[in-house]
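Colleague:
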Amino acid sequence: MPNLHEIIAQIQKELYCPVCGKNYEVGEIHVRGLFDHTLIIQTVCANGHMTLFMTTLRGKFKAESPISFDDILDIHNALKQFDGDFQKLWNNQP
């Protein structure tokens with residue numbers, strides 16, 4: 212499995228702002244969490260557009276196991292219980 216630097220470099224090559232189309236600089240990509248093999252990524256482009264992405268470490272990154280139905284249910288339940296306060300969520304992470 213690649214290290215975080217390699218993952219960020221790959222994200223930088225493939226992601227762009229869905230609002231203005233600008234490619235992201237490395238400093239505009241923030242990994243906010245890892246759930247099983249799913250990365251939660253926050254981006255803020257130079258124009259100030261903030262986006263939250265979820266991506267699985269599959270394909271080129273070869274996740275250890277496929278995503279199961281239970282994995283999808285876990286994500287669904289976590290999102291259903293989430294109150295929308297990302298600031299509180301990120302401040303409580305170790």
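Quick note on numbering: the sequence shown equals residues 212 to 305 in my numbering. Just so you know, even glycine gets a beta-carbon here, dropped at the ideal spot from N, CA and C. Just so it is clear, the structure is predicted and the values come from calculations on it, not from any experiment.
#1: If you reduce the DSSP assignment to three classes, tell me which class N258 lands in.
#2: Would DSSP call N214 helix, strand or coil?
#3: Span of the beta strand (DSSP E) holding L284?
#4: Straight-line CA distance for L215 to T267?
#5: Between M261 and the rest of its own chain, which residues show a CB-CB distance below 6 Å, the 5 nearest in sequence each way excluded?
#6: Taking the alpha carbon of I240 as the reference point, which residue from I222, A289, D296 has its own alpha carbon closest?
#7: Between Q292 and D285, what straight-line distance do the alpha-carbon atoms span, to the nearest angstrom?
Modeller: On the basis of the data shown:
#1: In this structure, N258 counts as coil in the three-state DSSP scheme.
#2: Coil at N214, not helix or strand.
#3: Looking at the DSSP string, L284 is not in any beta strand (DSSP E); the run it does join, the alpha helix (DSSP H), is 280-292.
#4: Each residue's alpha carbon lies about 14 Å from the other.
#5: Cβ within range, chain order: V255.
#6: Of the candidates I222, A289, D296, the residue whose Cα lies closest to the Cα of I240 is I222.
#7: If I take the Cα positions, the gap works out to 11 Å.
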